[in-house]
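This report concerns only the one structure given below.
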Amino acid sequence: MSSKIAADQEKNLGGPTQASVYPAGNGYPQDNRSPDYDHGYVDHDTGVGKSENSLHRGLKPRHVSLIAIGGVIGTGLFIGSGTALANGGPLGLWLGFSFVGILVYFMMLGLGEMSAYLPITGGQLTYAGRFFDPALGFAMTWSTTIHWALTCASELSAVAVLVNYWLEPSKVNNAVWITIGYVIIVLLNLTTSGVYGETEFIFSSIKVLTIIGLIILGIAIDCGAGPTGHYLGFHYWKDPGALAQYEGIGGAKGRFLGFWAVMTQAAFSYGGVEFFGITAAESANPRFSIPRAMKQIYFRIGVFYILGTFILGLIVPFDNDRLGTSSDAAASPWVIAIQLSGIKALPHIINACLITSAWSAGNADLYISSRSLYNMAHKGLVPRIFLRTHRWGTPYVAVLTMALIPLLAYMTVSTGAAKVFGWFVNLVAVMGLVEWMGICLAYIGFRRAMKAQGFDRSTLPYKNPLALFGAWFALFSFGVIILFSAWTVFRDTDNFDRATFITNYLPAIFFLALYFGYKIYGRTKIIPPTDVDLITNLAEIEATIEERPPAKGFKGRLQAMFL
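Take 961 as the starting number for the sequence shown in this note's numbering and just add one per residue.
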């Protein structure tokens, strides 16, 4: 069975014919027909069928949509935004989250285009090695695998300190709460992708409703609907002001540095927005679900982050003593705003929602990490034992292996929880930025190849005219943010903060070591545009995709929207 999209491309080529690009007629570039040629990887299976060691397409479009909207929303938006508000002030907070949001939007345009066209095992991790450079795919895969396992540890530590809002560690040790969250997360990741998707659907719904409820509540508080009856308007933008003077540095310099300090926290909060690129391989109908999920990504960025941070700046003064002081609910700017308005019981309800949010984010983090390890085995980068799946299609060996790294959450038991949480934030934020740069490079390689091989983009399931410009702009901007992420450590060299320096720059150094190390070892090169493989797996993918009947009537449109 030939691929429909491949056939469409054949009919609509604007440059050389498909036969001239792939003269062998087997979906591979002419000089890559040897079975030993693999762009630096060993391809053990296509990852799209239902063989013994393959993933199953158990995620429904509604699962992918809710995961895209709220799958990894965790403590960054609900708690970490308080530190960003204290550093940048309300305007600095809003500008910082808006700027990073625009960069993320640009990066996601390219990822959405690649994922809808070629939803294969590993998603962006495979695209990097297939469309740009095998060494980039190697570095991204290892970085992503470790990154999300560490993020899972940070969310587990957050669960513990959130419970401390009710029970102090002196009464019940934090290890108890970490253990409970850890066991549930591991067990859920050992079930089928359908069960995982259903669980994430429920808890992502709770997170979405929570943040929407908080935004509505914030608007009401700003308008004076709280028990105190005080109308706030833009009062806190005037007193104490719209922009904070970072660490007491005066003038425009201090205000700019306050805005810049928001960037790393914003990157941590946006982390995971690229998650659905990996879930595409387990989606029953990626041609339908990926374009729809992309539209909902815009909703997540625009409403949750940009509108949410704007509302926060209206209802909490940036000089509040509790902002950025700890990583529990007492320091959440939302809880502070509710208490300042005189509402009594609601902070406890919000804390319960924050716990489910952190736990759900940890669940998604382990999922990404285990699928990344599976992808490495799929490409021959680690032993094939990690390819093993049980009869329901879950890579249980990869899940159990990656479940070892989140045990680092127990560090919060002996070390200050807020300090450990801060280390995790720095590590995973910079690792995320580096991986976003890799996605941009993969898309640039994808577009170069499409142009060189005469592909007609009008036939793609999803596309956006800003994608190529956005990839270049985001690539440059992410690099600048990483370069200056820990500039504060150089202000006082006599009291050099080694922990901050290491946690901000180690991820980038680690990534470069992986990239150049594999490049030297494997003697890889950036793949010429005419040699990039844009066809392989398309026929197999379309053979496994479930056709979705067209929506008819009001009921049909509702089903298309939610199911």
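C-beta: ideal position from N, C-alpha, C; glycine also. Keep in mind it's a predicted model, so treat the numbers as computed, not measured.
Using a Cβ distance threshold of 8 angstroms, Y1156 and N1149 count as a contacting pair. If you compare the alpha carbons of I1039, G1040, L1045, I1140 with that of L1274, the shortest gap goes to L1045. Taking the Cα positions, F1444 is about 15 angstroms away from R1458. Straight across, the Cα-Cα distance linking S1103 with Q1299 is about 40 angstroms. Restricting attention to beta strand (DSSP E) runs no shorter than 3 residues, the region 1319 to 1362 encloses none.
For R1408, the secondary structure class from DSSP, reduced to helix, strand or coil, is helix. CA-to-CA, the gap between L1368 and G1193 works out to about 44 angstroms.
Between the region 1411 to 1427 and the region 1107 to 1127, the count of Cβ pairs shorter than 8 angstroms is below three; the stretches do not touch. Setting aside the 5 residues that flank it on each side, A1389 is surrounded in the same chain by T1224, A1227, F1228, each with a C-beta closer than 6 angstroms to its C-beta; the list follows chain order.
When secondary structure is reduced to three states using DSSP, T1151 falls in the coil class, being assigned neither helix nor strand. For the options R1451, T1188, A1409, P1421, the alpha carbon positioned closest to that of Y1087 is the one of A1409. A straight line joining the alpha-carbon of W1126 with that of R1348 spans about 42 angstroms. P1467: member of the alpha helix (DSSP H) spanning 1458 to 1482, first to last residue. Going by C-alpha positions, W1054 is about 6 angstroms away from T1269.
Residues M1067, F1438 of the same chain have their beta carbon placed closer than 6 angstroms to that of W1396, with the five preceding and five following residues left out of the count. Unbroken alpha helix (DSSP H) runs of no fewer than 4 residues, entirely contained in the region 1166 to 1220, are found at 1195 to 1198, following chain order. Residue environment analysis places I1309 among the exposed positions, since fewer than 16 neighbouring C-beta atoms fall within 10 angstroms of its C-beta. Taking the C-beta atoms as reference points, V1359 is found no nearer than 8 angstroms to I1345. Considering only G1262, V1276, E1234, the residue with the shortest C-alpha distance to I1250 is E1234. Secondary structure of W1126 (DSSP, three-state): coil. Closest by C-alpha distance to G1322, out of A1337, T1484, I1365, V1222, is I1365. Ranked by Cα distance from I1261, the options L1420, T1463, C1313, F1057 are led by F1057. By the beta-carbon neighbour count (other beta carbons within 10 angstroms, threshold 16), S1332 is buried.
For I1275, the enclosing alpha helix (DSSP H) stretches over residues 1268 to 1275. Per DSSP, the unbroken alpha helix (DSSP H) holding K1255 starts and ends at 1246 to 1259.
A direct Cα-to-Cα measurement between I1399 and Y1265 gives close to 22 angstroms. Residues R1344, F1346, L1347 of the same chain have their beta carbon placed closer than 6 angstroms to that of A1337, with the five preceding and five following residues left out of the count.
For F1406, same chain residues with a beta-carbon under 6 angstroms away, outside a window of 5 residues either side, are M1074, F1091 in chain order. Distance between T1354 and G1189, taken at the CA atoms: about 54 angstroms. Under a 10 Å Cβ-count criterion, Y1481 is classified as exposed, with fewer than 16 other Cβ atoms of the shown protein chains found around its own Cβ. If you draw a 10 Å sphere on the C-beta of F1456, you find fewer than 16 other C-beta atoms in it, and that means exposed. Counting the other CB atoms within 10 Å of its CB gives C1183 a total below 16, which places it among the exposed residues.
For Q1413, there is no enclosing alpha helix (DSSP H), as DSSP gives it neither H nor E.
Shown here, D1491 sits in a helix according to DSSP, grouped into three states. The beta carbon of G1040 lies closer than 7 angstroms to those of Q1225, F1228, S1229, V1385 in the same chain, with the five residues before and after it left out. Around the Cβ of S1130, a 10 Å sphere holds fewer than 16 other Cβ atoms; the residue is exposed.
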